[in-house]
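Here the structure is laid out as structure tokens; the discussion comes afterwards.
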Amino acid sequence: MTMTLAKIEEFVRGKIDEPTGGNYVPEDIAISPECVSLKMFDAPLVGAASCGDKMWVKLREEGIIGSHFILPNEWLPDAVSVISIFFPLTERVSKSCADTPAWPSPEWLHARTEGEEFIFEVTLALADELSRTGHPSLVPPKDARFKSVRHLGSNPEMPGLSYTSVWSERHVAYVCGLGTFSLSKGLITKRGGAGRFGSVITPLDLPPTEREYSGVYDYCVMCGACVRVCPAQAITLKGGKDHSICALFGDETKKKFNPRYGCGKCQVGMPCQSRAPGKNGRPKAAPAS
Ligand code: B12
Ligand code: SF4
Ligand code: SF4
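Quick note on numbering: my numbering labels position 38 of the sequence shown as 144, and the sequence is numbered without any gaps.
Shown next, in the form of structure tokens:
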């Protein structure tokens, strides 16, 4: 069976809906009784781009990502396409986060930690499925070459760099037609910004998803609602988000909720939580039948 983008979406949705799968918090690790069986993510958004897209090379420019960004064909020489997947948080996770303005809610902590593990589980399973059907594929953040710097100059393997990585999932999603950046620096998709991303690089030839935007911040309306909710005052209308302030607040949450952490107040209860409020952000009307 050849995988199409629609089949890939169906595959991911199947994993998301599996009641005994990793998208539901099991009793033995639940932070509180209310978190038992919590569903973390809803139906995904999936996009694709060709490895030949000129935008990949553009990402290596200083001020965008930089020369440390590893190109799709450097990860996997035979690759033809990149698949980006947005996993939107369920309304319950987002609401719980918005309802606890000072600290992360238990639901958010699960979605940050177990949610990330689940996304790796799904993207690795998708890569296996593509490999099984003749297209050996790769998940960059699970490859030994993946590196990131999550604190100011904190990674000796990436000297002189801060708050970056060799494979930025938001930039990948941007190239794959899923959405644009925002004042708070999160990526806003047509299902909003409250969620996480995963990706797979594959030799499968997939039709590229149209980028329905030309500006890097098209889907953000610069309303400033995220400025007002940030508990660390990390965001300003003039300067956007200060990564250092945000990262230090993340450390505070880790001291309190170790081993989990997180914040994400700038992604919930906002006009951009579950939709793209900006230019061209509305889903296209279905063709009349
Ligand atoms: C390092 C890191 C952090 C750092 C710094 C983040 C950063 N740089 O944005 C810290 C610790 C502060 C952080 C915090 C959080 N993070 Co974080 N983090 C990452 C990580 C590991 C790497 C990010 C990276 O590579 N950045 C690269 C640099 C270059 O990005 P940048 O400076 O923002 O890029 C700007 C320029 O490129 C500029 N630009 C200028 N000219 C041009 C031209 C073009 C054409 C383009 C495209 C761009 C562009 O636009 C961009 C935005 O301004 C990713 C995982 C991954 N592998 O991607 C997760 C990730 C970004 N984090 C994520 C999340 C959810 C969070 C938190 C909410 C924590 C939590 N879960 O509770 C907070 C808040 C983030 C926020 N407000 O956006 C999600 C984002 C989801 C989303 N909807 O966007 C990611 C993608 C993880 C995931 N797998 O989903 N994070
Ligand atoms: S809350 Fe408003 S300013 Fe902040 S990211 Fe969302 S749309 Fe942009
Ligand atoms: S994640 Fe929290 S600290 Fe960081 S910018 Fe968003 S609201 Fe502020």
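Note that CB positions come from ideal geometry on N, CA and C, so glycine has one too.
Exposed unless 16 or more other CB atoms sit within 10 angstroms - verdict on residue i
{"i": "V163", "result": "exposed"}
{"i": "W275", "result": "Sequence inspection shows Glu at residue 275; the Trp mentioned does not correspond to that position. Answer is buried; the Cβ neighbour count reaches 16."}
{"i": "D184", "result": "exposed"}
{"i": "Q379", "result": "buried"}
{"i": "A217", "result": "buried"}
{"i": "E220", "result": "buried"}
{"i": "S271", "result": "buried"}
{"i": "K248", "result": "exposed"}
{"i": "S395", "result": "Low per-residue confidence applies at S395: pLDDT is 46, beneath 50, and the placement is therefore not dependable enough to give any value."}
{"i": "T126", "result": "exposed"}
{"i": "T196", "result": "buried"}
{"i": "D324", "result": "buried"}
{"i": "P246", "result": "buried"}
{"i": "K121", "result": "buried"}
{"i": "I170", "result": "exposed"}
{"i": "D148", "result": "buried"}
{"i": "M376", "result": "buried"}
{"i": "C326", "result": "buried"}
{"i": "R251", "result": "exposed"}
{"i": "R238", "result": "exposed"}
Supposed contact pair residue j and residue i - C-beta distance, whole angstroms, cut 8 Å
{"i": "V278", "j": "S305", "result": "5 Å"}
{"i": "T315", "j": "A154", "result": "5 Å"}
{"i": "C342", "j": "V335", "result": "The sequence shown places Thr at residue 342, rather than the Cys named in the question. Contact flag wrong, Cβ pair sits at about 13 Å."}
{"i": "S202", "j": "S190", "result": "About 26 Å; that fails the 8 Å criterion."}
{"i": "A331", "j": "C352", "result": "About 16 Å; that fails the 8 Å criterion."}
{"i": "W181", "j": "I294", "result": "26 Å between Cβ atoms; not a contact."}
{"i": "K362", "j": "W209", "result": "7 Å"}
{"i": "V152", "j": "L111", "result": "6 Å"}
{"i": "G396", "j": "E227", "result": "Given a span of 107 to 395 for the chain in the structure shown, any question on residue 396 remains unanswerable."}
{"i": "L244", "j": "A233", "result": "6 Å"}
{"i": "R55", "j": "G298", "result": "Missing from the structure shown is residue 55; the chain here goes from 107 to 395 and no further."}
{"i": "L258", "j": "S350", "result": "6 Å"}
{"i": "K296", "j": "G285", "result": "7 Å"}
{"i": "K347", "j": "K291", "result": "4 Å"}
{"i": "S187", "j": "L354", "result": "At roughly 38 Å, the Cβ-Cβ gap does not stay under 8 Å, so S187 and L354 are not in contact."}
{"i": "G384", "j": "Y367", "result": "Their Cβ separation, rounded to whole angstroms, is 30 Å, which puts G384 and Y367 out of contact at 8 Å."}
{"i": "P58", "j": "G301", "result": "Residue numbering for the chain in the displayed model covers 107 to 395; residue 58 lies beyond these limits and cannot be assessed."}
Endpoints, the beta strand (DSSP E) within which residue i is located
{"i": "V322", "result": "Neither: V322 is in no beta strand (DSSP E) and is coded neither H nor E."}
{"i": "L151", "result": "151 to 156"}
{"i": "P337", "result": "Premise fails: P337 is in no beta strand (DSSP E) and is neither H nor E."}
{"i": "F192", "result": "187 to 194"}
Residue i Cβ short of 7 Å to ligand 3 heavy atom set
{"i": "K371", "result": "yes"}
{"i": "A338", "result": "yes"}
{"i": "C60", "result": "Given a span of 107 to 395 for the chain in the structure shown, any question on residue 60 remains unanswerable."}
{"i": "F355", "result": "yes"}
{"i": "V335", "result": "yes"}
{"i": "K362", "result": "no"}
{"i": "K344", "result": "no"}
{"i": "K347", "result": "yes"}
{"i": "I341", "result": "yes"}
Residue i: CB within 7 Å of a non-hydrogen atom of ligand 1
{"i": "L293", "result": "yes"}
{"i": "Y280", "result": "yes"}
{"i": "S202", "result": "no"}
{"i": "K164", "result": "yes"}
{"i": "R251", "result": "no"}
{"i": "Y319", "result": "no"}
{"i": "V322", "result": "yes"}
{"i": "I176", "result": "no"}
{"i": "R238", "result": "no"}
{"i": "S271", "result": "yes"}
{"i": "F226", "result": "no"}
{"i": "I189", "result": "no"}
{"i": "R302", "result": "yes"}
{"i": "H216", "result": "no"}
{"i": "R256", "result": "yes"}
{"i": "E358", "result": "no"}
Range covered by the alpha helix (DSSP H) that runs through residue i
{"i": "V306", "result": "No alpha helix (DSSP H) contains V306, which is instead part of the beta strand (DSSP E) from 301 to 308."}
{"i": "S243", "result": "From DSSP, S243 is part of no alpha helix (DSSP H); its letter is neither H nor E."}
{"i": "A382", "result": "Element bounds for A382: n/a, residue is neither H nor E."}
{"i": "N179", "result": "178 to 181"}
{"i": "R238", "result": "212 to 238"}
{"i": "W162", "result": "161 to 164"}
{"i": "T315", "result": "No alpha helix (DSSP H) holds T315; DSSP gives it neither H nor E."}
Min CB distance residue i to chain B below 8 Å
{"i": "M146", "result": "Protein chains in the displayed structure number just one, and chain B is not present."}
Next on the checklist: Using only Cβ atoms and a threshold of 6 Å, which residues come within that distance of a heavy atom of ligand 2? Order them by chain position.
Outcome noted: The filter returns S288, L289, S290, C326, V327, M328, C329, G330, A331, C332, M376, P377, C378, P383, in chain order.
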